[in-house]
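**Q** The structure that follows is given in the form of structure tokens.
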Amino acid sequence: MDSKQIIMEQLITEVKLKLIEALNLDGMMPEDIDNNAPLFGDDGLGLDSIDVLELIVLLEKNYGIRIDNPAKGRQVFQSVAVMADYIANNRTK
Amino acid sequence: MTKVFSIGTGLVTPLGSTVTSVLEAIREGRSKQYFSRNGFTGHSFFENIALEAAQKAISGIEITPKTGFILSTAKGNVEFIGREDISLALSARRIADALGVKTTPIVVSNACISGVAAMLQGMRMIRSGAFDKVIVVGAEVQSPFIETGFDCLKAISPEPCRPFDKDRQGLNLGEAAAAMVLCADEGPWEIVDGVIRNDANHISGPSRTGEGSFKCLRYVLESLAKEDRLSFVSVHGTATPYNDEMEAIALDRAGLSHVPVCALKGYFGHTMGAAGLVEVIVCMGAHDMGFIPASKGFGELGVSRPVNISAQERPASGNAIIKLLSGFGGVNGALLLRKGGSL
Amino acid sequence: MKMVSIASGTDLTALYRKLVGNYPKFFKMDTLSKLGFLLAEMLVADDSDRFTEREDRAVLIFSRRGCLANDLNYAKSMEDFPSPSLFVYTLPNTVAGEIAIRNKYQGETGAFLLEGYDRPQIDEIVHQVFQDRITRDAIVAWIDCPSETEWTAQAWIVSK
Chain A
1174 MDSKQIIMEQ LITEVKLKLI EALNLDGMMP EDIDNNAPLF GDDGLGLDSI DVLELIVLLE
1234 KNYGIRIDNP AKGRQVFQSV AVMADYIANN RTK
Chain W
5 MTKVFSIGTG LVTPLGSTVT SVLEAIREGR SKQYFSRNGF TGHSFFENIA LEAAQKAISG
65 IEITPKTGFI LSTAKGNVEF IGREDISLAL SARRIADALG VKTTPIVVSN ACISGVAAML
125 QGMRMIRSGA FDKVIVVGAE VQSPFIETGF DCLKAISPEP CRPFDKDRQG LNLGEAAAAM
185 VLCADEGPWE IVDGVIRNDA NHISGPSRTG EGSFKCLRYV LESLAKEDRL SFVSVHGTAT
245 PYNDEMEAIA LDRAGLSHVP VCALKGYFGH TMGAAGLVEV IVCMGAHDMG FIPASKGFGE
305 LGVSRPVNIS AQERPASGNA IIKLLSGFGG VNGALLLRKG GSL
Chain Z
22 MKMVSIASGT DLTALYRKLV GNYPKFFKMD TLSKLGFLLA EMLVADDSDR FTEREDRAVL
82 IFSRRGCLAN DLNYAKSMED FPSPSLFVYT LPNTVAGEIA IRNKYQGETG AFLLEGYDRP
142 QIDEIVHQVF QDRITRDAIV AWIDCPSETE WTAQAWIVSK
């Protein structure tokens, strides 16, 4: 793996850990979350509208990214991979 | 079944502190959500406006040993959190004591339907025979606690709210106090029936099928007498994308899509624990003056079912009004009011 | 009349795993809601037709301090980033909603705040709630929760 991939891997693991904590996903470990699995809806982790809002807070608190509307949030939070990618491209801290 | 009537009301709102002045402001299309606290030298502004509203309502009415007291509020004195005991029951006791109430006060804190829930419980208290009057007070003041909360839920509109409108973006917060005295003696308005139903779906989002609201409407409609004519339905109408859509579905399922609908939060904002009482008292007053208030902020219908809502004032006919509300925790409530002396 | 209670300071996660174990939403709840949820579970776990939608059972919460413990947590979060998942529990009736969602109770839910535990007053209020034409019984809970580790929590079912 080159250094860019390593950084991305680390970010993905970090995002998973923060997600587990922020959303009270008790007992889950990063290895339990597939990078590309849908986060919302019945097939995914089954997250809901409050979780979207909590993830919006997570992004601002940890990465300085502001998302003003929940609809945009749903797009960004489709999967951990999409989320990590968005963070890498938009983070201000 | 004992009939229960409203025999006295009181309003304390940023738009005005009498029913007449508030209706005048409404007819002029004015709105105001926040009080000015200039000149307030007391401690709890919340308790102050609640007491003031109650005093107006009981003016000329005797408080007996069998007079009950209910306080309706979501957050009460929360602005003092961490600094003192903000228990709502404590606030209720202080207000009840100041009024001279001798019975043990209770607080109904059922999110944004609290006002309807409190009037319903007051009606039940009279019907139980244990109380001859019940003073019901609803009050809410805003604070950073509440404002940051609705803000982080992205529920607040950046502009004046637009109930049922296709471009609605959310709610405005407001503050107010209102009070009503219930009694079995004949009064200008009868509280005929009321109901609360839970969607059992989500703790903060409304049911997509309007389940609880529909059940509430269905329940109170059963208490309409053959001779009754519905004048209008006063909706919750917070102007969030989901609430108004849900209410439209519930109204339609209940067969009420043709009945005039009135949304008042464009004038007061969402006054939470006070909303049920403020909006009912305003509706009764408007009906008495022969009109259905314009639904301020509404322009073009933006829900999936037909709703008979208007941006213009309309003449009121009929003799009955339904008040509909919804709130966090999946709660929905409805109250049926009938013009007194008409049957 | 069946009455259940949860001793102050009980490990609620352990109790959840023992009684339920497959309802991950439990971990998002505040302490008040966890207590109500578990009390209800203890009362209705053996109900036949459990999880069938019904309109005839009310859920009534009585408390003195309501959601204060959670409100303090929310106030803390206001210091930097107000938390949506905490804010939705800053109401004393949310616990009744959680019980309703879990058990598909589409009847009346309510929250009443009293100056202290007063069983005669609670019984009187419940009796008044029974004026609802459809309601046939009620889960009644007294939960007073000044902090996340200390509480009084008891509940019972009473019929009309």
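Chains as they are written, first to last, in this note's numbering: chain A, 1174 to 1266; chain W, 5 to 347; chain Z, 22 to 181.
For every residue, glycine included, the Cβ atom is placed at its ideal position computed from N, Cα and C.
1) Chain A partners of Z/Lys-49, CB-CB under 7 Å?
2) Compare the C-alpha of W/Ala-298 against each of W/Ala-315, W/Gly-209 and W/Phe-168 and name the closest.
3) In whole angstroms, give me the CA-to-CA distance for A/Leu-1184 and W/Gly-280.
4) Using the rule of at least 16 other Cβ atoms within 10 Å of the residue's Cβ for burial, across every protein chain shown, is W/Lys-269 buried or exposed?
5) Name the chain A residues whose beta carbon is nearer than 7 Å to that of W/Leu-157?
6) Would you grab the beta carbon distance between W/Ile-207 and Z/Val-109 for me? Rounded to a whole angstrom, and I think it's under 8 Å.
7) With C-beta atoms as the reference, is W/Phe-50 less than 8 Å away from W/Ser-95?
8) Hey, is Z/Phe-102's beta-carbon within less than 8 Å of any beta-carbon in chain A?
9) Give, in chain order, every unbroken run of the beta strand (DSSP E) that is at least 3 residues long and sits entirely within the region 49 to 133 of chain W.
10) Taking W/Ser-308 as the query, report the chain A residues whose CB atoms sit under 8 Å from its CB, ordered along the chain.
11) On the three-state DSSP scale, how would you describe Z/Cys-88?
12) Would you be able to state if there are at least three C-beta pairs under 8 Å between the region 88 to 104 of chain W and the region 39 to 59 of chain W?
13) Can you tell which of A/Ala-1261, A/Leu-1196 and A/Ile-1223 has the C-alpha that lies nearest to the C-alpha of A/Gly-1237?
14) My guess is that W/Ile-117 and W/Gly-337 are in contact by the Cβ rule of under 8 Å, so how many angstroms apart are they, rounded?
15) With DSSP as the reference, please indicate the residues paired to Z/Met-24 in a beta bridge.
16) Going by C-alpha to C-alpha distance, which of W/Gly-46, W/Leu-329, W/Ser-10 and W/Thr-108 sits closest to W/Phe-73?
17) Taking C-beta pairs closer than 8 Å, name the residues in chain Z that A/Lys-1234 reaches, listed in chain order.
18) Is there contact between the region 200 to 219 of chain W and the region 109 to 127 of chain Z, where contact requires at least three CB pairs shorter than 8 Å?
19) Tell me whether W/Glu-194 is buried or exposed, calling it buried when 16 or more other Cβ atoms sit within 10 Å of its Cβ.
20) With burial defined as no fewer than 16 other Cβ atoms inside 10 Å of the residue's Cβ, what is the status of A/Glu-1204: buried or exposed?
21) Whether or not the region 298 to 311 of chain W and the region 236 to 253 of chain W are in contact is what I'm after, with contact meaning three or more pairs of Cβ atoms, one per stretch, closer than 8 Å; do they touch?
22) Is the CB-CB distance between W/Pro-318 and W/Ala-243 below 8 Å?
23) At a CB-CB cut-off below 9 Å, which residues of chain Z make contact with A/Ile-1206?
24) In three-state terms, what does DSSP make of W/Lys-137?
25) For the alpha helix (DSSP H) holding W/Met-293, just list the boundary residues, first then last.
26) Could you give the first and the last residue of the continuous alpha helix (DSSP H) run that contains Z/Ser-106?
27) Where do the N-terminal and C-terminal ends of the beta strand (DSSP E) with W/Glu-194 fall, by residue?
28) Taking Cβ positions only, does A/Ile-1223 come closer than 8 Å to chain W?
29) So, at 6 Å on beta carbons, what are the nonlocal neighbours of W/Arg-131 in its own chain, with the 5 sequence-adjacent residues on each side left out?
30) Roughly how far, in whole angstroms, is the beta-carbon of W/Ala-181 from the beta-carbon of W/Ala-320, given that I think they are within contact range, below 8 Å?
31) I need the DSSP call for W/Asp-155, collapsed to helix, strand or coil.
32) In the structure shown, what three-state DSSP assignment does W/Ala-324 receive?
33) Give me the residue from Z/Lys-23, Z/His-148 and Z/Leu-135 with the minimum Cα distance to Z/Arg-85.
34) Would you say A/Val-1230 reaches chain W, if we count a Cβ-Cβ gap shorter than 8 Å as a contact?
35) Looking at the structure shown, is W/Lys-300 part of a helix, part of a strand, or coil, going by DSSP?
36) For a contact defined as C-beta to C-beta under 8 Å, what are the partners of W/Asn-81 on chain Z?
**A** To lay it out plainly:
1) Translated into positions along the third sequence, residue 49 of chain Z becomes position 28. At a C-beta separation below 7 Å, Z/Lys-49 has these neighbours in chain A: Asn-1197.
2) Numbered from its first residue, the second sequence carries residue 298 of chain W at position 294. Of W/Ala-315, W/Gly-209 and W/Phe-168, the residue nearest in Cα terms is W/Ala-315.
3) What you label residue 1184 of chain A is simply residue 11 of the first sequence in a count that begins at 1. What you label residue 280 of chain W is simply residue 276 of the second sequence in a count that begins at 1. When the Cα atoms are used, A/Leu-1184 and W/Gly-280 turn out to be separated by approximately 49 Å.
4) Locating residue 269 of chain W in the second sequence gives position 265, counting from the first residue. So W/Lys-269 counts as buried.
5) Within the second sequence, residue 157 of chain W is the residue found at index 153, counting from 1. What W/Leu-157 touches in chain A: Leu-1226.
6) Position 203 of the second sequence, counting from 1, holds the residue named residue 207 of chain W. Position 88 of the third sequence, counting from 1, holds the residue named residue 109 of chain Z. Rounded to whole angstroms, the Cβ separation of W/Ile-207 and Z/Val-109 is 6 Å, and the two are in contact under 8 Å.
7) Reading the second sequence from its first residue, position 46 is the one you call residue 50 of chain W. Reading the second sequence from its first residue, position 91 is the one you call residue 95 of chain W. Yes. Within cutoff.
8) As a position in the third sequence, residue 102 of chain Z is number 81, starting the count at 1. Residue contact check for Z/Phe-102 against chain A: a CB pair falls below 8 Å.
9) Those beta strand (DSSP E) runs which fall completely within the region 49 to 133 of chain W and span 3+ residues are 71 to 76 and 110 to 112.
10) Here residue 308 of chain W corresponds to residue number 304 of the second sequence, with the count starting at 1. Residues of chain A passing the Cβ test: none, with the nearest at roughly 18 Å.
11) Start at 1 with the first residue of the third sequence, and residue 88 of chain Z comes out as number 67. DSSP, reduced to helix, strand and coil, places Z/Cys-88 outside both helices and strands of the structure shown, so it counts as coil.
12) In this structure the region 39 to 59 of chain W touches the region 88 to 104 of chain W; the number of beta carbon pairs closer than 8 Å is three or more.
13) Locating residue 1237 of chain A in the first sequence gives position 64, counting from the first residue. Residue A/Ala-1261 is the option with its Cα nearest to A/Gly-1237.
14) The residue given as residue 117 of chain W occupies position 113 in the second sequence. The residue given as residue 337 of chain W occupies position 333 in the second sequence. In this structure W/Ile-117 is in contact with W/Gly-337, their Cβ atoms being roughly 4 Å apart against a cut-off of 8 Å.
15) Within the third sequence, numbered from 1, the residue matching residue 24 of chain Z stands at position 3. DSSP output for Z/Met-24 lists Z/Trp-177 as bridge partner(s).
16) Position 69 of the second sequence, counted from the start, is the residue given in the question as residue 73 of chain W. Taking W/Phe-73 as reference, the option from W/Gly-46, W/Leu-329, W/Ser-10 and W/Thr-108 with the minimal CA-CA separation is W/Thr-108.
17) As a first step, residue 1234 of chain A is located in the first sequence; it is residue number 61 there, counting from the start. Per Cβ cutoff of 8 Å: Asp-101 and Phe-102.
18) Touching, yes, given that three or more Cβ pairs across the two stretches are closer than 8 Å.
19) Position 190 of the second sequence holds residue 194 of chain W. Burial check for W/Glu-194: the Cβ neighbour count within 10 Å reaches 16 or more, so the residue is buried.
20) Indexing the first sequence from 1 puts residue 1204 of chain A at position 31. By the C-beta density criterion, A/Glu-1204 is exposed, having fewer than 16 other C-beta atoms within 10 angstroms.
21) By the Cβ test, the region 236 to 253 of chain W is in contact with the region 298 to 311 of chain W, since at least three Cβ pairs between them sit closer than 8 Å.
22) The residue given as residue 318 of chain W occupies position 314 in the second sequence. The residue given as residue 243 of chain W occupies position 239 in the second sequence. Here the sequence assigns Arg to residue 318 of chain W, which means Pro is not the residue at that position. It is not a contact, given that the beta carbons lie outside the stated cut-off.
23) In the first sequence, the residue the question calls residue 1206 of chain A occupies position 33. At a C-beta separation below 9 Å, A/Ile-1206 has no neighbours in chain Z, since its nearest C-beta there lies roughly 13 Å away.
24) Start at 1 with the first residue of the second sequence, and residue 137 of chain W comes out as number 133. Of the three classes helix, strand and coil, the one that applies to W/Lys-137 here is strand, per DSSP.
25) One-based indexing of the second sequence puts residue 293 of chain W at position 289. In the DSSP assignment, W/Met-293 falls outside any alpha helix (DSSP H) and carries neither an H nor an E.
26) Position 85 of the third sequence holds residue 106 of chain Z. For Z/Ser-106, the uninterrupted alpha helix (DSSP H) segment begins and ends at 105 to 108.
27) Residue 194 of chain W sits at position 190 when you count from the first residue of the second sequence. Boundaries of the beta strand (DSSP E) around W/Glu-194: 193 to 202.
28) As a first step, residue 1223 of chain A is located in the first sequence; it is residue number 50 there, counting from the start. Among the residues facing chain W, A/Ile-1223 is included, as its CB has a counterpart in that chain under 8 Å away.
29) The residue given as residue 131 of chain W occupies position 127 in the second sequence. Result list for W/Arg-131: Thr-6, in chain order.
30) If you number the second sequence from 1, residue 181 of chain W lands on position 177. If you number the second sequence from 1, residue 320 of chain W lands on position 316. W/Ala-181 to W/Ala-320, Cβ: 25 Å. No contact.
31) As a position in the second sequence, residue 155 of chain W is number 151, starting the count at 1. Assigned with DSSP and collapsed to three states, W/Asp-155 falls in helix.
32) In the second sequence, residue 324 of chain W corresponds to position 320, counting from 1. Three-state result, W/Ala-324: strand.
33) For the purposes of this step, residue 85 of chain Z is taken as the residue at position 64 of the third sequence. Residue Z/Leu-135 is the option with its Cα nearest to Z/Arg-85.
34) On the first sequence, residue 1230 of chain A is found 57 positions in, with the first residue counted as 1. For A/Val-1230, the closest Cβ of chain W is nearer than 8 Å.
35) On the second sequence, residue 300 of chain W is found 296 positions in, with the first residue counted as 1. Coil.
36) The residue you call residue 81 of chain W lines up with position 77 of the second sequence. The premise fails here: W/Asn-81 is roughly 11 Å from chain Z at the closest Cβ pair, so nothing lies under 8 Å.
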